[in-house]
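Protein chains: 2
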Amino acid sequence: MLRASPKAQAMNDIEESDYLASYDLRCYDIPMVSVDAALFTFHEDVIKILLVQRQNHPDKGKWGLPGGFVDKHKDRHLEDTVLRKIQEKTGVVPPYIEQLQSFGSANRDKRDWSITICYSALISYQSCAPHISTVADAAWVNLKTVARRALAFDHQSLIAHARERLRQKALYSVVPGYALPEKFTFPELQKLHEALIGKPLQKRSFRRRIEAANLLEDTGEKRSEKGPPAILYRLRKNSAQFTFNRNLEE
Amino acid sequence: MLRASPKAQAMNDIEESDYLASYDLRCYDIPMVSVDAALFTFHEDVIKILLVQRQNHPDKGKWGLPGGFVDKHKDRHLEDTVLRKIQEKTGVVPPYIEQLQSFGSANRDKRDWSITICYSALISYQSCAPHISTVADAAWVNLKTVARRALAFDHQSLIAHARERLRQKALYSVVPGYALPEKFTFPELQKLHEALIGKPLQKRSFRRRIEAANLLEDTGEKRSEKGPPAILYRLRKNSAQFTFNRNLEE
DNA sequence: CCAATAGTGTCTGTTAGACATTATAGA
DNA sequence: TCTATAATGTCTAACAGACACTATTGG
Chain A
1 MLRASPKAQA
11 MNDIEESDYL
21 ASYDLRCYDI
31 PMVSVDAALF
41 TFHEDVIKIL
51 LVQRQNHPDK
61 GKWGLPGGFV
71 DKHKDRHLED
81 TVLRKIQEKT
91 GVVPPYIEQL
101 QSFGSANRDK
111 RDWSITICYS
121 ALISYQSCAP
131 HISTVADAAW
141 VNLKTVARRA
151 LAFDHQSLIA
161 HARERLRQKA
171 LYSVVPGYAL
181 PEKFTFPELQ
191 KLHEALIGKP
201 LQKRSFRRRI
211 EAANLLEDTG
221 EKRSEKGPPA
231 ILYRLRKNSA
241 QFTFNRNLEE
Chain B
251 MLRASPKAQA
261 MNDIEESDYL
271 ASYDLRCYDI
281 PMVSVDAALF
291 TFHEDVIKIL
301 LVQRQNHPDK
311 GKWGLPGGFV
321 DKHKDRHLED
331 TVLRKIQEKT
341 GVVPPYIEQL
351 QSFGSANRDK
361 RDWSITICYS
371 ALISYQSCAP
381 HISTVADAAW
391 VNLKTVARRA
401 LAFDHQSLIA
411 HARERLRQKA
421 LYSVVPGYAL
431 PEKFTFPELQ
441 KLHEALIGKP
451 LQKRSFRRRI
461 EAANLLEDTG
471 EKRSEKGPPA
481 ILYRLRKNSA
491 QFTFNRNLEE
């Protein structure tokens, strides 16, 4: 954009030299900017995070979070960039995404002063299984054990921040439910929250508050494994926006 | 950094061409990145936000949030940049700062695809009054009426986000207290929270929870205006980290 | 003394924790 | 029938809301 017509823009002002000076500054003295995503899911009672193997230098071959650079032509908003990157790796767009935090410092990338805008997203294991199973450079990793791996850049730190934020959400929202398949049971949602919080929850309290806030919709279907059949629910529209006034105990 | 020795870095790898290709990309096809700060204070029962008059194009002469570009030589971390910018305008470093959110899109700056990492900070009116009163290009503006002004870029939107976040903090923390002088009374803190939340609070509840969590330290001093003398408190260390398990009602 | 207001006593209502109980499936 | 477990009943504890009350200042 700028490059296409720097003069046309500058002509409107008197200080064309100022304008061009700041333009030059941009090219030589600015930090790198990228976008990363911590994408979580819940499968077989385990919280997992998506890692991808880097195809480019630096840290080529190392595993890290999916991410990349804004494409000024393809992306209108920052979120477009992350969603594009996630879709490239999983084949689908996640039903929940939020901006986590930006991390910027002189030393987080050995090349240069670097900034990443990190997002956190949730998706069902099933919805991306078809795509991920066909590629070798993307894999779900157990969140409990990911800390033991050597990851690219400061991605270990980004994951720690994302996990903590998600843990908080488990205390005052039903947002974690977006890591489940579209239809799920109350005990499944509770197991997920328990895994995030790291301690067992009272099922009476857990159900009561979610029912009182009317966050789930009964699908009319049931599923039975061991024991009586459990009702299948789905998240209601806008249930991601709802926050309880009171946290579950940590 | 990169520009100083791109070859030295690339020599370690086989794919020097790849490396340089991505380097070129950085110069031509990357978005602008800046940092902005929503700095709040509380003075004479009014929440105020610091606005500065832009000295450069675009939007020269318009008012907006203080901010600017990362200086790769001066700044080690993103927060250094914001604190430097705030200090330039107020003469002091605020006792509380947190990252709010990053905003990036193709159209938030008419020049180019642009990203800003926006911070929210709090400071006492008194601590920056000496500096601000001497300059013409920085001023405290009533947060209630700031929405009626025409501000630079999307700063009106950034302010709305920052205000909402601060309102939430008033419901479950004592963070707003950093907008007060070092020593303050309980009724002063309550007035601030009430202004943020937009409705009166029960003083019994307000005091009770803060005392139970031991967030304030009695300075031993008192102040009296109309009525009996009020105890002067200060925020304890780490009181910004504490969050109540239960929100005040909205 | 009076108005203003800092600070407390205390009752109520809401909601999470704890845990027993009932009900319904598969083996 | 037996085990696992989904779903509910119900008591308690914690804490915010409401509001009356006391106490202490300046005018």
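Protein chains in written order, with my numbering: chain A, 1 to 250; chain B, 251 to 500. Heads up, the beta-carbon is just placed ideally off N, CA and C, and yes, glycines get one too. Bear in mind that the values here come from a model prediction, so they are computed numbers and not experimental data.
Within the same chain, Cβ atoms closer than 8 Å to the Cβ of A/THR185 are found at ARG223, ALA230, ILE231, LEU232 and TYR233, the five residues on either side in sequence being excluded. Taking a C-beta distance under 8 Å as the contact criterion, A/LEU189 and A/ALA121 do not qualify as a contact pair. Secondary structure of B/ARG334 (DSSP, three-state): helix.
In the structure shown, the three-state DSSP call for A/VAL52 is strand.
Per DSSP, A/SER114 lies in no alpha helix (DSSP H); the unbroken beta strand (DSSP E) holding it starts and ends at 112-122. By the neighbour-count criterion, in which 16 or more other beta carbons inside 10 Å mark a residue as buried, A/GLN55 falls on the exposed side. Among the residues facing chain B, A/LYS199 is not included, as its CB has no counterpart in that chain under 8 Å away. Residue A/ASN238 holds the alpha-carbon nearest to the alpha-carbon of A/GLU217 among A/ASN247, A/GLY68, A/ASN238 and A/LYS89.
In the displayed model, A/HIS155 falls within a helix according to three-state DSSP. For a Cβ distance threshold of 9 Å, nothing in chain A lies close to B/LEU482: the least Cβ distance comes to about 31 Å. As DSSP reads the structure, A/PHE103 sits in a beta bridge with A/THR116. In terms of beta-carbon proximity, B/ARG417 stays away from the interface with chain A, with every pair separated by 8 Å or more. Under the Cβ distance rule, A/VAL174 does not count among the residues neighbouring chain B, no pair being separated by less than 8 Å. Per DSSP, B/HIS293 is not a residue of any alpha helix (DSSP H); the beta strand (DSSP E) it occupies stretches across 282-293. Taking every protein chain shown into account, the CB of A/THR116 has 16 or more other CB atoms within 10 angstroms, so this residue is buried. Spanning the alpha carbons of B/LEU333 and A/ARG208 requires a straight line of approximately 45 Å. For the pair A/GLU98 and A/ASP45, the Cα-to-Cα distance works out to about 23 Å. The straight-line gap separating the alpha-carbon atoms of A/PHE242 and B/LEU315 is approximately 30 Å.
Per DSSP, the beta-bridge partners of B/ARG473 are B/ALA480. Not one beta carbon of chain B lies nearer than 8 Å to the beta carbon of A/PHE42.
Taken in chain order, the members of the segment 335-360 of chain B whose beta-carbon sits within less than 7 Å of a beta-carbon on chain A are GLN349, GLN351, SER352, GLY354, SER355 and ALA356. Taking the CA atoms as reference points, B/VAL342 sits about 27 Å from B/ALA400. The CB of A/PRO31 comes closer than 8 Å to the CB of VAL283, VAL320 and LYS322 in chain B, given here in chain order. Residue pairing for B/ARG496: DSSP places it in a beta bridge opposite A/ARG246.
For B/ASN497, the residues of chain A that pass the 8 Å Cβ criterion are ASN245 and ARG246, in the order they occur in the chain.
Only ASN56, HIS57, PRO58 and LYS60 from the segment 44-66 of chain A bring a Cβ to less than 9 Å from some Cβ of chain B.
Around the beta carbon of B/ALA388, 16 or more other beta carbons sit within 10 angstroms, so the residue counts as buried. Two segments are said to touch when three or more pairs of C-beta atoms, one from each, lie closer than 8 Å; by this definition the segment 60-74 of chain A does not touch the segment 320-328 of chain B.
Membership of A/ALA212 in the alpha helix (DSSP H) is indicated by the continuous run 203-212. For the set A/ASP154, A/TYR178 and A/ALA170, the Cα lying nearest the Cα of A/LEU248 is the one of A/ALA170. The alpha-carbon separation between B/ARG496 and B/ILE280 amounts to approximately 43 Å.
Distance from the CA of A/LEU192 to the CA of A/GLY61, rounded to the nearest whole angstrom, comes to 32 Å. The beta-carbon of B/TRP390 is placed no less than 8 Å from the nearest beta-carbon of chain A. Around the CB of B/VAL283, 16 or more other CB atoms lie within 10 Å, so the residue is classed as buried.
Out of A/GLU194, A/ILE210, A/VAL175 and A/ARG108, the CA that lies nearest to the CA of A/ILE123 is found in A/VAL175. Using a Cβ-Cβ cut-off of 8 Å, A/HIS77 counts as an interface residue toward chain B, since at least one Cβ of chain B sits closer than that to its own.
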